[in-house]
Amino acid sequence: MSVWAVLAAAGSGERLGADRPKAFVRLGERVLLAESLERLDASDWVDAIVVAAPPGWEEPVILLAEELGCGKVSACVAGGPSRGESVRLALGEVPDDAAVVLVHDAARPFVEDGVIARVLAALNEGWDGAVPVLPVADTVKRVDGERVVETLDRSELRVAQTPQAFVASVLRDAFSGDVSSATDCASLVEARGGRVKAVPGDERLVKVTDASDLERAAALL
Ligand code: CTP
Ligand code: MG
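Just so you know, we're using numbering that gives the first Met the number 0 here: the sequence shown kicks off at 0 and counts up by one.
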């Protein structure tokens, strides 16, 4: 069973507000992208990697992969205007005989083998896809403007992370329509009736969105 990883790193990082794309901001001694790229490359579960790079940053991504000795990087494509478009473009470089696609966000630097093993195990159990989730600690309200409309049942809610794993053919089908508004891949598979398993996520899989997240991530290095 060949597992291809798609690393979504093409975002501009608007909320971070740096002078370069988020993938290339500094996290400790290296750039943010280095962490997830090296970890995926080192994982025995991963056979090959396709990176979606910020448009115009394909060359720096390839140089970084070489510098880190990431021999599994098979292709690097320029990303699109949305995460969905970037993943779709990267999927175009995944060969037809790939069995499984693992999609991960470079914005989550600390991906580990444990969570990769959990999402892949779900596929072996017969699920179409798997997403790592964490419980919701806060009470969550649905609002309409300023007005609270509803308080949701927290026990039924989970926060979704990446890496998310999918049977390759299922993911390709899910990406055949409009993907521009999807914030994760699982939602596209769910929308088509695919069976997606929620598996335990990882507290260390923090997402770097703004400057304070970057500080918190640096403290975890
Ligand atoms: N991403 C991508 N292509 C895009 C937009 C996002 O590959 N056009 C990737 C990002 O690089 C990131 C992940 O999707 O790894 C999650 O996106 P997000 O955290 O929103 O990153 P950005 O879109 O870069 O940040 P912002 O929304 O603040 O601009
Ligand atoms: Mg974004």
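For glycine and all other residues, C-beta sits at the position ideal for the given N, C-alpha and C.
Please read these numbers as outputs of a predicted model, since none were measured by experiment.
Contact belief for R117 with P131 at Cβ below 8 Å, rounded distance in angstroms: 7 Å
Residues that DSSP places opposite G128 in a beta bridge: F165, V195
Closest by C-alpha distance to S168, when choosing among E155, D127, V76, R194: D127
Segment contact flag, the region 207–215 with the region 145–154, C-beta cutoff 8 Å, min 3 pairs: no
beta-carbon R191 near the ligand SAM non-hydrogen atom, thresh 7 Å: Absence of the ligand SAM from the depicted structure is noted, with the ligand CTP and the ligand MG being the only ligands included.
Assigned exposure category for K206 - 16 Cβ within 10 Å defines buried: exposed
Short Cβ contact (8 Å threshold) for D46 with K71: yes
Cα-Cα separation, L6 to E13: 19 Å
Within 8 Å, strictly: CB atoms of D95 and S1: no
Reduced DSSP secondary structure (H/G/I, E/B, other) of K21: helix
Buried or exposed (CB count within 10 angstroms, at least 16 for buried), A136: exposed
Sequence ranges, beta strand (DSSP E) only - wholly within the region 31–95, length at least 3: 47–52, 72–77
Alpha-carbon spacing of G125 relative to P199, whole angstroms: 17 Å
Any non-hydrogen atom of the ligand CTP within 7 Å of S180 CB: no
Where the beta strand (DSSP E) through L156 begins and ends: No beta strand (DSSP E) contains L156, which DSSP labels as neither H nor E.
Option in I48, A164, G10, L90 with minimal Cα separation from W56: G10
Beta-carbon gap between V188 and L204 smaller than 8 Å: no
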